[in-house]
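Top to bottom, those sequences are chains L and B. When we follow the numbering used here, the leftmost residue of the first sequence carries the number 11, and every step to the right adds one. When we follow the numbering used here, the leftmost residue of the second sequence carries the number 316, and every step to the right adds one. Heads up, the beta-carbon is just placed ideally off N, CA and C, and yes, glycines get one too. As structure tokens, the structure follows; a few thoughts come after it.
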Amino acid sequence: MRLRTRSIALEVRPSHKAKLVGILVNLRGGRSRGREGEPGYYPDVLARLPTCHFLSLCVFESADYDPTLVIEANYDGDSGPFWACLQHLVGDELREALRCCKRPLDHSGKLYDSITEPGSRRDPAPFLECHVMRPKAFFHGNRGMPRDRILAEASLANAVQDRLGNGEAGRDKTAEELREGLRTELMPKFPWLAEKPKPRIPLGETALDWLKLAAALFLFLHLCLVPGAVIAGLIGDGKHALLLGAASVAMWAVFNKFRKPLEGVSTTRPGLLLSRLVSNAHIVLAVLAALFLFSWPIVAAGNVLALDLEWSAAWKNSARQLGWGIGWLMLFILPGLLVWMRYLERHDSSQEAPQTDPVMLRQMVELEDWIPQNHMASVVSLRPNIPRRLVAYVGTLLIHLALRAAVRDGYLGSMRTIHCAHWAFINNGSRMLFLSNFDLSWEAYFDDFIEKAHEGVTAIWGGSVGFPPTTMLIEDGAAHGRAFKRWARHSMSPTRFWVSAYPDLTVDQIERNNRIANGLCARRLSPKAANAWAGDL
Amino acid sequence: MGGRPVSYPATSADSWKLAEPHASQAQGMIVSGYNHLPVSQTLFLEFDWDSSTSGGAWLKALEGIAPVTAADGKKDPSVGLGITATGLIKMGVEESVMAGFSAPFLEGMFQVDRMRRLNDRVGTEWSSCVREGGPLWSANTPPPQVHDTSGLMSTLPRRDDTSITTPITVDAMLILFCKDSREGRTWSDRVTEVLARCGVKVVRHRETNLEFDKHDMVREHFGFGDGLSQPIPWDPKAIEGAGRAPDHVNGIALGDILLGHVDGHHETTVGPMVTRGSTHLDDPDDPDNLDLGLNGSYLVVRELWQDVAGFWNNAAEVERELGLDSEARKERPGTWVAERIIGRAMSGDVLRPGGVADRYDPKAPANDFLFFDDDFRGLGCPLGSHMRRGNPRDGLATKASQKDSLLASSNRHRFLRRGRKFGPRIADPMVDDGAERGLIFLIVNADIERQFEFVQQVWMMSPSFGTLFDETDPLIGPGSRFTIGAEPVRRRADIANFTKLAGGEYFFLPSLPAIKWLSEL
Ligand code: HEM
Chain L
11 MRLRTRSIAL EVRPSHKAKL VGILVNLRGG RSRGREGEPG YYPDVLARLP TCHFLSLCVF
71 ESADYDPTLV IEANYDGDSG PFWACLQHLV GDELREALRC CKRPLDHSGK LYDSITEPGS
131 RRDPAPFLEC HVMRPKAFFH GNRGMPRDRI LAEASLANAV QDRLGNGEAG RDKTAEELRE
191 GLRTELMPKF PWLAEKPKPR IPLGETALDW LKLAAALFLF LHLCLVPGAV IAGLIGDGKH
251 ALLLGAASVA MWAVFNKFRK PLEGVSTTRP GLLLSRLVSN AHIVLAVLAA LFLFSWPIVA
311 AGNVLALDLE WSAAWKNSAR QLGWGIGWLM LFILPGLLVW MRYLERHDSS QEAPQTDPVM
371 LRQMVELEDW IPQNHMASVV SLRPNIPRRL VAYVGTLLIH LALRAAVRDG YLGSMRTIHC
431 AHWAFINNGS RMLFLSNFDL SWEAYFDDFI EKAHEGVTAI WGGSVGFPPT TMLIEDGAAH
491 GRAFKRWARH SMSPTRFWVS AYPDLTVDQI ERNNRIANGL CARRLSPKAA NAWAGDL
Chain B
316 MGGRPVSYPA TSADSWKLAE PHASQAQGMI VSGYNHLPVS QTLFLEFDWD SSTSGGAWLK
376 ALEGIAPVTA ADGKKDPSVG LGITATGLIK MGVEESVMAG FSAPFLEGMF QVDRMRRLND
436 RVGTEWSSCV REGGPLWSAN TPPPQVHDTS GLMSTLPRRD DTSITTPITV DAMLILFCKD
496 SREGRTWSDR VTEVLARCGV KVVRHRETNL EFDKHDMVRE HFGFGDGLSQ PIPWDPKAIE
556 GAGRAPDHVN GIALGDILLG HVDGHHETTV GPMVTRGSTH LDDPDDPDNL DLGLNGSYLV
616 VRELWQDVAG FWNNAAEVER ELGLDSEARK ERPGTWVAER IIGRAMSGDV LRPGGVADRY
676 DPKAPANDFL FFDDDFRGLG CPLGSHMRRG NPRDGLATKA SQKDSLLASS NRHRFLRRGR
736 KFGPRIADPM VDDGAERGLI FLIVNADIER QFEFVQQVWM MSPSFGTLFD ETDPLIGPGS
796 RFTIGAEPVR RRADIANFTK LAGGEYFFLP SLPAIKWLSE L
């Protein structure tokens with residue numbers, strides 16, 4: 011069952027903001043029994059939303075836009091049943107909340123009216139489904155783990171710990187004897203131990219992830235081959251070589267001049283992007299070779315159709331065009347795009363001291379750190395110029411596809427504290443919404459970003475208004491620790507209502523429980539594997 | 316055992332020196348643990364002057380009898396000074412100047428959300444890490460006043476008490492470092508008298524000391540070597556003879572312990588700017604202005620009481636329960652467990668599978684060790700032991716490719732530990748003598764949130780440190796289970812809490828020029 015991550019953003023009537031906050035707070039206040047007031051611990055909600063991993067509702071407030079209600083849901087399986095369950099649980103409150111929102115100007119206006127008119131009892135779910143957004147990028151720390159499996163494995167891990175007690179009983183056994191003993195003892199209570207564990211990520215899904223990434227990269231790079239191919243059709247090779255030589259020397263000279271960070275911006279080793287490219291030269295060459303091979307039949311067919319060539323001549327001609335295309339791509343277009351980016355980076359302003367509203371800050375801090383997980387909700391405006399926007403849209407998509415394909419174990423850089431996070435563009439793509447359910451404190455989360463994953467973070471947020479100064483797309487930026495934290499805090503709003511289905515488990519612990527469970531499912535393990543398995547207990 | 320890091324530092328934890336002009340501006344206790352002055356008088360001060368006394372008068376008076384010592388060479392005796400945020404306000408520092416200090420300092424250690432994060436108080440109860448009845452002293456910082464025009468704050472349900480008052484209010488702390496106790500007491504009596512004349516009361520007095528054993532090691536009350544691991548600050552501009560790069564294992568940016576220098580997150584903290592000689596702010600670029608923060612720092616102080624007999628009896632009992640008493644050789648009962656709680660052997664050496672780490676210097680325990688290659692599973696030094704939680708080094712990496720990045724990231728949370736113990740040494744560690752003893756835990760850091768609070772919250776008190784589940788620090792945590800790595804399967808013990816918080820606060824450790832400025836108030 012796939013974990014789905016979705017959100018809904020609705021503009022709120024400013025006059026109704028306080029009322030809406032009140033509704034969301036009551037959702038929390040009336041429910042948080044059990045452990046003293048801890049946000050995120052709601053047994054009744056979880057029982058009635060059986061597929062939900064994380065659910066949050068917050069009202070964004072800013073001087074730059076009217077309040078916005080955001081509902082975030084991470085759930086297993088189909089959307090329909092989830093929204094229906096949610097409506098069943100808090101339908102009246104949701105209808106009341108919708109009454110605080112602005113009437114949408116699009117086709118859903120009528121539906122809105124029918125749900126919100128005085129005395130209406132109509133279900134809000136269809137309206138919500140109409141406004142559900144798919145994130146542009148999302149990240150799941152425990153990929154392929156449905157909620158039921160997480161909970162079942164946690165309860166197995168607890169049972170294992172209870173049996174082991176202080177460890178005294180296991181001292182004289184081998185790891186395999188210990189494992190077999192536990193397996194037999196626990197089998198009646200956990201009959202699923204007899205089954206082979208389902209693969210977390212099916213082969214088909216993996217293949218599809220890689221295919222999507224390859225297709226997106228191909229499309230992007232293939233388009234970049236066009237200028238070279240067109241020029242090759244217009245002038246002879248000798249002249250072309252001269253032209254490309256002159257253009258690329260000039261471009262590289264400009265590039266070289268501007269590639270270094272400005273005074274006061276540099277944080278880490280400058281030249282990170284270039285050194286990454288050089289150290290991964292074999293991958294770059296392989297990508298270019300694949301690009302050539304896959305483009306070749308397409309361009310050859312184009313030659314046959316457009317220039318009316320024979321196939322043999324078309325193969326030759328297209329190989330020549332592609333060769334020039336790749337030459338222009340590497341020697342002129344890519345450095346050119348980077349020069350353009352550097353121009354923007356050198357002239358964009360970044361905000362050194364964004365002011366966080368003290369009332370909002372107090373509320374955020376008050377709601378954080380009750381359990382080992384926390385939630386963050388942020389909205390930032392994107393810089394208005396076209397290349398920045400393009401980088402934000404295309405970059406976010408490519409980063410998403412690359413993460414989906416290459417990251418299977420939940421690690422972003424060397425950090426693994428994110429359960430479910432997503433980025434979505436709202437307001438016609440002019441603002442970026444970020445919602446994250448993570449482990450440990452907000453400070454620790456951001457220290458991780460700054461220390462372990464600042465390049466990726468800079469790539470994603472670098473195009474946002476006020477972000478700390480960046481160099482070559484991925485350098486500096488988020489590595490400016492305090493500036494980045496201040497900027498991020500100022501973009502946040504307090505999460506008024508937040509539910510976690512497994513409030514005391516971290517991503518690492520879910521993985522550890524999974525290893526324990528998988529080990530116990532096996533009929534037999536080699537002594538080495540059994541030892542490694544026992545190391546997790 | 317693991318190889319020694321390739322790069323030898325030009326400086327070590329106790330030999331690094333600040334370059335001028337920083338050395339003559341920063342307080343000496345930042346660069347030195349004052350091992351040559353093993354006895355100290357810690358005076359906690361409350362400002363109680365009348366309106367006719369100026370806010371800086373006491374500092375002027377202090378100049379005559381106990382001038383604060385700079386970091387430019389060994390001096391006997393020496394003085395260190397810290398002032399709380401409420402202290403600065405009482406001295407007359409204007410609101411606009413105060414705004415330049417960091418938030419945790421301004422809010423104080425007992426701000427309600429901070430108490431929850433540090434695990435001192437959750438909801439309406441003090442945690443079991445705190446002395447019964449609550450802490451005795453703090454700055455009693457009033458809860459921050461936010462101007463809530465939206466009315467939202469008052470409508471939100473609160474689950475805890477918003478303001479805590481301790482019986483003793485501390486506005487500043489003065490530490491007099493001496494060679495011996497008698498000299499120190501006479502001096503502190505004179506200082507107390509002089510301060511009283513300026514309306515400053517000594518509201519709490521602790522004689523603290525570094526007691527060296529015959530191997531020249533400082534031992535805390537439980538009997539373990541303390542202060543063995545310190546970070547080594549690095550800055551090519553402000554540290555004399557700084558090598559080309561920070562020490563691989565223990566190097567940190569100077570800005571992490573001294574304000575006004577580049578810190579571990581590549582930034583320079585600029586403190587509140589003031590005009591020399593007057594209090595109102597002026598053009599910040601005026602060369603005549605003073606950065607109050609420059610070469611100052613923040614001190615975190617926590618008075619932690621130790622129940623030595625409780626600790627050792629509990630360790631001995633756990634050892635019996637684990638069936639280890641027969642293994643527990645000729646040593647004191649409980650030693651095996653106690654060593655694992657700390658992570659270092661009684662000798663000070665870090666535990667390794669089957670023994671302890673090799674020494675490079677036969678006279679001192681090694682401190683340039685790492686965990687990933689040599690003790691990944693915590694079979695020697697348990698994953699949740701006090702020193703592994705205090706500084707996980709590269710031990711939180713789960714793959715070899717992450718070692719360097721996790722080591723670097725651990726180091727961004729380190730601080731200088733300058734704590735000293737108080738109270739008499741216990742005659743028999745298994746028998747309670749009723750005496751009050753403990754540690755004035757005192758650390759120097761530039762970013763309280765990223766350093767002290769992070770370590771306390773995310774490493775020490777977190778029930779989810781690494782892949783450990785539902786357990787906290789076995790030494791300073793509220794009492795929980797404790798996993799001790801073993802093959803084929805871990806052992807697990809229940810450890811109770813024997814260190815109690817009896818007071819604490821955040822202090823600003825002003826530079827000498829800042830003290831001069833403050834004395835003019
Ligand atoms: C009564 C209270 C405490 C006692 C008796 C105590 C004792 C010790 C001992 C014996 C060591 C090992 C020796 C060494 O590496 O220097 C140590 C290390 C350490 N402790 Fe504590 N400690 C106490 C409280 C704290 C607190 C409250 C914190 C921080 C929140 C803390 C943080 C550390 C750190 C960071 C290390 C160094 C680890 C390293 O760098 O390898 N300690 N402590």
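Cβ neighbours of residue i in the same chain (closer than 7 Å, five flanking residues each side left out)
i: ARG43 of chain L; result: In this prediction, ARG43 of chain L scores a pLDDT of 42, lower than 50, which makes its location untrustworthy; no coordinate-derived value is stated.
i: ASP76 of chain L; result: GLU21, VAL22, PRO24
i: ARG432 of chain B; result: GLU768, GLN772
Proximity below 7 Å, CB of residue i to CB of residue j
i: PRO697 of chain B; j: ILE810 of chain B; result: no
i: GLU634 of chain B; j: GLY658 of chain B; result: no
i: CYS95 of chain L; j: SER503 of chain L; result: no
i: PRO789 of chain B; j: SER443 of chain B; result: no
i: LEU30 of chain L; j: CYS110 of chain L; result: yes
i: ASP387 of chain B; j: ALA338 of chain B; result: yes
i: ASP743 of chain B; j: LEU722 of chain B; result: no
i: VAL389 of chain L; j: PHE70 of chain L; result: yes
i: PHE263 of chain B; j: ILE398 of chain B; result: The structure shown has nothing for residue 263 of chain B, since chain B only spans 316 to 836.
i: HIS464 of chain L; j: LEU445 of chain L; result: no
i: PRO169 of chain L; j: LEU196 of chain L; result: The residue you asked about is not Pro; residue 169 of chain L is Ala in the sequence shown. Yes, they are a contact pair.
i: GLU106 of chain L; j: ILE33 of chain L; result: yes
i: THR782 of chain B; j: ASP518 of chain L; result: yes
beta-carbon residue i near the ligand HEM non-hydrogen atom, thresh 6 Å
i: ASN266 of chain L; result: no
i: VAL623 of chain B; result: no
i: ASN524 of chain B; result: no
i: ARG431 of chain B; result: no
i: GLY388 of chain B; result: no
i: MET374 of chain L; result: no
i: PHE492 of chain B; result: no
i: THR814 of chain B; result: yes
i: LYS775 of chain B; result: Sequence inspection shows Met at residue 775 of chain B; the Lys mentioned does not correspond to that position. Correct: MET775 of chain B has its Cβ closer than 6 Å to the ligand HEM.
Cross-strand partners of residue i (DSSP beta bridge)
i: ALA568 of chain B; result: B:TRP549
i: GLU440 of chain B; result: B:VAL437
i: GLY246 of chain L; result: Bridge partners of GLY246 of chain L: none, in fact.
i: THR15 of chain L; result: L:ASN84
Cβ shell of residue i (< 8 Å), same chain only, five flanking positions each side left out
i: PHE268 of chain L; result: VAL349, ARG352, TYR353, ARG356
i: GLU522 of chain B; result: VAL354, SER355, GLN356, THR357, SER496, GLY499, ARG500, PHE737
i: PHE767 of chain B; result: VAL615, PHE730, ILE758, ASN760
i: ASP546 of chain L; result: ARG522, ARG525, ILE526, GLY529
i: ARG12 of chain L; result: ASP86, GLY87
Close beta carbons around residue i, own chain, < 6 Å, minus the five adjacent residues each side
i: HIS595 of chain B; result: The predicted model places HIS595 of chain B with a pLDDT of 47, which falls under 50 and marks its position as unreliable, so this point remains unresolved.
i: ASP363 of chain B; result: GLY514, LYS516
i: LYS27 of chain L; result: PRO77
Q.
Using a Cβ-Cβ cutoff of 7 Å, what residues of the stretch 367-385 of chain L are near chain B? List them in chain order.
A. Residues PRO368, VAL369, ARG372, GLN373, VAL375, GLU376, ASP379, PRO382.
Q.
What are the residues in the stretch 496-507 of chain L lying within 8 Å of chain B by C-beta distance?
A. Per Cβ criterion, the list is empty.
Q) When Cβ atoms are compared, which residues of the stretch 777-789 of chain B fall closer than 8 Å to chain L? A) Within the stretch 777-789 of chain B, the qualifying residues are SER777, PRO778, SER779, GLY781, THR782, PHE784, ASP785.
Q. Got a sec: which bits of the stretch 608-639 of chain B sit with their beta carbon under 8 Å from any beta carbon on chain L, in order along the chain?
A. Those residues of the stretch 608-639 of chain B placed with their C-beta closer than 8 Å to a C-beta in chain L are GLU636, LEU637, GLY638, ordered along the chain.
Q. Listed from N- to C-terminal order along the chain, which residues in the stretch 448-479 of chain L have their beta-carbon within a distance smaller than 8 Å of any beta-carbon of chain B?
A. Contact residues of the stretch 448-479 of chain L toward chain B are ASP449, LEU450, SER451, GLU453, ALA454, ASP457, ASP458, ILE460, GLU461, LYS462 (C-beta to C-beta distance below 8 Å).
Q) According to a CB-to-CB cut-off of less than 7 Å, which residues of the stretch 383-417 of chain B neighbour chain L? A) From the stretch 383-417 of chain B, no residue has a Cβ closer than 7 Å to chain L.
Q) When Cβ atoms are compared, which residues of the stretch 725-744 of chain B fall closer than 7 Å to chain L? A) Going along the stretch 725-744 of chain B in chain order, one finds ARG727 with a Cβ nearer than 7 Å to chain L.
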